[in-house]
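Asker: Input: one structure, supplied below.
2 protein chains.
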Amino acid sequence: MTPNKENFIKAIYELGGDHSVISNKKLVNNLSISAASVTEMNARLLKEKLISHVPYRGVKLTSSGIRIAHQLKRKHRIWEVFLFEKLGYDWNEVHADADLLEHVSSDLLIERLNDFLDEPKFDPHGGVIPNKDGSLPETSTFPLTDVGTGKPFKIKEVDDDKEFLNYLLEKDIQLGDRYTLTDVEPFDGPITLETPEGRQITIGHKAAFKILVDYVTE
Amino acid sequence: MTPNKENFIKAIYELGGDHSVISNKKLVNNLSISAASVTEMNARLLKEKLISHVPYRGVKLTSSGIRIAHQLKRKHRIWEVFLFEKLGYDWNEVHADADLLEHVSSDLLIERLNDFLDEPKFDPHGGVIPNKDGSLPETSTFPLTDVGTGKPFKIKEVDDDKEFLNYLLEKDIQLGDRYTLTDVEPFDGPITLETPEGRQITIGHKAAFKILVDYVTE
DNA sequence: ATATATTTTTAGGATATCCTAAAAACGTTC
DNA sequence: GAACGTTTTTAGGATATCCTAAAAATATAT
Ligand SMILES: [Mn+2]
Ligand SMILES: [Mn+2]
Ligand SMILES: [Mn+2]
Ligand SMILES: [Mn+2]
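First to last, the sequence lines map onto chains A and B. So in UniProt numbering, spot 18 of the first sequence is number 18, and the numbers just go up one at a time. So in UniProt numbering, spot 105 of the second sequence is number 105, and the numbers just go up one at a time.
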């Protein structure tokens with residue numbers, strides 16, 4: 001396994017390759033490499049049985065592939081917690097360094113780090129940290145676009161993208177914030193939230209889809 | 001710069017390449033790669049002006065090369081402090097992980113880590129941590145083989161080699177220990193130390209050379 | 001259904017890193 | 001200083017990763 005292959009598997013996973021077939025095109029855009037390089041890497045991962053491949057259609061992770069993706073995500077997210085909590089990184093700064101550290105982290109290192117951080121369950125964006133064995137803890141979040149009007153909900157996880165995180169900072173939307181939905185415009189139109197104090201925030205459909213929430217259960 | 005090149009420069013440095021010409025043979029042994037690969041890497045580093053090269057003689061670091069070696073050592077040693085102090089690694093466990101982490105450490109990461117660790121001056125083996133600008137703090141240590149009989153001295157630094165560290169553990173020799181020299185056999189023979197409590201320890205000349213000390217000044 | 005546009009694959013190269021085996025240079029020993 | 005042993009370099013390959021350009025397959029639109 002090389003950093004390259006690991007990043008490729010992670011990209012497939014993040015595009016939904018654990019449950020559906022991902023086109024080369026999507027990987028080309030996501031990884032910013034040539035189409036030829038994607039075809040080539042596909043062949044390599046196929047030989048190692050980490051993906052299945054339907055020619056001219058795309059690739060899907062095998063169970064081994066999914067396990068590797070989860071283990072890599074575990075490393076990535078534990079590092080993010082460390083950078084955020086111990087080294088004082090900002091929300092939107094942690095990703096880049098974690099993306100490098102994840103590939104040079106021995107099992108010993110990750111488990112010691114996990115202990116040192118008191119076994120965190122979520123990364124700084126609310127992403128759940130996979131278990132040591134490569135399984136995923138249960139979560140009950142859903143996209144903000146699926147919220148019903150009236151019921152109060154909490155922000156549980158947001159997309160780990162630097163620009164998007166900056167946008168949320170502008171809008172003053174934070175993990176754990178509590179809102180109710182007051183308006184949804186049709187045809188994937190803007191969504192308006194209201195804080196308990198009555199402040200209103202309007203965001204687009206695409207942005208809302210990058211925010212995962214859960215209903216408040218009291 | 002790649003991890004490979006960085007390790008090569010570090011190897012040259014550790015063999016004394018900051019002040020003398022290092023033969024290919026030494027690098028072959030140290031890095032466990034073929035002689036052909038050393039010749040090849042020499043050519044690459046020469047082109048980047050990180051080393052000077054005397055054909056059939058060997059290589060020496062330029063000032064740029066030395067600066068890179070020091071900055072890498074800084075990263076390596078700061079990571080070692082972290083692994084040792086915060087993650088509970090043993091003395092002889094820190095090196096392997098630090099050797100990987102050093103190549104994926106942004107300046108931001110290292111400086112934040114340095115702050116988090118309260119700006120340590122030495123790594124867990126007593127190695128001095130180079131300054132941010134690539135310069136070396138002054139130290140006044142010398143090999144145990146050069147100690148005079150009678151004068152008390154302290155263990156300041158030991159060779160960062162797993163087997164050697166295990167040997168020191170067996171002999172119960174630790175950083176900061178205070179001894180006096182009671183016997184030195186001629187022809188690079190064994191050296192005998194005595195603790196303040198009168199316990200005697202005898203070690204060979206080669207091992208003694210891997211231990212740096214300084215006289216106690218009270 | 002055919003033309004057009006898009007996507008994927010193949011073909012042919014480039015670079016970094018590694019290797020083994022042979023040739024050349026150097027050092028040592030009598 | 002010739003012979004032998006050691007070290008370095010050169011020659012020729014291998015693999016991983018990347019690329020561009022052309023060819024093949026698939027999807028879309030009329
Ligand atoms: Mn991230
Ligand atoms: Mn990565
Ligand atoms: Mn070390
Ligand atoms: Mn290293």
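Glycine included, every Cβ here is placed at the ideal spot set by N, Cα and C.
(1) Using a C-beta cutoff of 8 Å, does S106(A) count as contacting chain B?
(2) According to the neighbour-count rule (16 or more other Cβ atoms, all chains shown, within 10 Å of its Cβ), is L169(A) buried or exposed?
(3) Regarding H103(B) and ligand 4, is the C-beta to nearest heavy atom distance less than 7 Å?
(4) Could you tell me whether the Cβ of L100(A) comes closer than 8 Å to any Cβ of chain B?
(5) Confirm, please, whether the CB-CB distance from I211(A) to V158(A) is below 8 Å.
(6) Enumerate in chain order the residues of its own chain whose CB-to-CB distance from D183(B) is below 6 Å, with the five nearest sequence positions on each side excluded.
(7) As a quick check of your reading: which residues have a C-beta less than 5 Å from at least one non-hydrogen atom of ligand 1, in chain order?
(8) Taking DSSP as the reference, what is the three-state secondary structure of Q71(B)?
(9) Put H95(A) into one of helix, strand or coil per three-state DSSP.
(10) Who are the neighbours of K86(B) on chain A, taking C-beta pairs under 7 Å?
(11) Return yes when at least one heavy atom of ligand 2 lies under 7 Å from the C-beta of D123(A), else no.
(12) Below 7 Å CB to CB, which residues in the same chain sit around T195(A) once its five sequence neighbours on both sides are set aside?
(13) Using the beta-carbon of each residue, which ones in chain B are nearer than 9 Å to R112(A)?
(14) How should V38(A) be labelled, buried or exposed, when 16 other C-beta atoms within 10 angstroms of its C-beta is the threshold for buried?
(15) So which residues of chain B does L109(A) contact, with C-beta pairs closer than 7 Å?
(16) Rounded to the nearest angstrom, what separates L27(A) and E6(A) at their Cα positions?
(17) Under a Cβ-count criterion, where at least 16 other Cβ atoms within 10 Å of its own Cβ denotes burial, should N29(B) be classed as buried or exposed?
(18) For the segment 17-88 of chain A, list the alpha helix (DSSP H) runs that are entirely contained and at least 4 residues long, ordered along the chain.
(19) Considering only their Cβ atoms, is the gap separating P124(A) from V94(A) smaller than 8 Å?
(20) Any heavy atom of ligand 2 closer than 7 Å to the Cβ of N7(A)?
(21) So the alpha helix (DSSP H) E111(A) belongs to, where does it begin and stop?
(22) Between I51(A) and G65(A), is the Cβ-Cβ spacing less than 8 Å?
(23) By alpha-carbon positions, which one of L109(B), D97(B), S140(B) and D146(B) ends up nearest to K132(B)?
(24) Does at least one heavy atom of ligand 2 sit under 7 Å from the Cβ of D97(A)?
Answerer: So, to answer that:
(1) As a working note, residue 106(A) is residue 106 in the first sequence. Yes - at least one Cβ of chain B is within 8 Å of the one on S106(A).
(2) Start at 1 with the first residue of the first sequence, and residue 169(A) comes out as number 169. Result: exposed.
(3) Sequence index remark: in the second sequence, residue 103(B) carries index 103 (1-based). Flag set: Cβ of H103(B) near ligand 4.
(4) The sequence position of residue 100(A) within the first sequence is 100, counting from 1. Closer than 8 Å to some Cβ of chain B, the Cβ of L100(A) qualifies, so yes.
(5) Translated into positions along the first sequence, residue 158(A) becomes position 158. Translated into positions along the first sequence, residue 211(A) becomes position 211. Taking 8 Å as the Cβ cut-off, V158(A) and I211(A) qualify as a contacting pair.
(6) Here residue 183(B) corresponds to residue number 183 of the second sequence, with the count starting at 1. Same-chain partners within the cutoff: T192.
(7) H95(A) and D160(A)
(8) Numbered from its first residue, the second sequence carries residue 71(B) at position 71. The answer is helix: DSSP assigns Q71(B) an H, G or I state.
(9) By one-based count along the first sequence, residue 95(A) stands at place 95. Reduced to three states, the DSSP call for H95(A) is helix.
(10) Counted from its first residue, the second sequence places residue 86(B) at position 86. In chain order: F116.
(11) To locate residue 123(A), count along the first sequence from 1; it is residue 123. Flag unset: Cβ of D123(A) not near ligand 2.
(12) Stepping through the first sequence from its first residue, residue 195(A) is reached at position 195. Around T195(A): Y179.
(13) In the first sequence, the residue the question calls residue 112(A) occupies position 112. By Cβ distance, chain B contributes L83, K86, L87, G88 and Y89.
(14) Within the first sequence, the letter at position 38 stands for residue 38(A). That one is buried.
(15) What you label residue 109(A) is simply residue 109 of the first sequence in a count that begins at 1. D97, listed in chain order.
(16) Position 27 of the first sequence, counted from the start, is the residue given in the question as residue 27(A). Position 6 of the first sequence, counted from the start, is the residue given in the question as residue 6(A). Taking the straight line from one Cα to the other gives about 14 Å.
(17) Taking the second sequence and counting its residues from 1, one reaches residue 29(B) at position 29. Exposed: under 16 other Cβ atoms inside 10 Å.
(18) 24-31, 35-47 and 63-85
(19) In the first sequence, the residue the question calls residue 94(A) occupies position 94. In the first sequence, the residue the question calls residue 124(A) occupies position 124. Against a cut-off of 8 Å, the Cβ pair of P124(A) and V94(A) comes out as a contact.
(20) The sequence position of residue 7(A) within the first sequence is 7, counting from 1. Indeed, a heavy atom of ligand 2 lies less than 7 Å from the Cβ.
(21) Taking the first sequence and counting its residues from 1, one reaches residue 111(A) at position 111. Start and end: D107 to F116.
(22) Position 51 of the first sequence, counted from the start, is the residue given in the question as residue 51(A). Position 65 of the first sequence, counted from the start, is the residue given in the question as residue 65(A). Cβ atoms of I51(A) and G65(A): closer than 8 Å.
(23) By one-based count along the second sequence, residue 132(B) stands at place 132. The residue with the shortest Cα to Cα distance from K132(B) is L109(B).
(24) The residue you call residue 97(A) lines up with position 97 of the first sequence. D97(A) Cβ: outside cutoff for every heavy atom of ligand 2.
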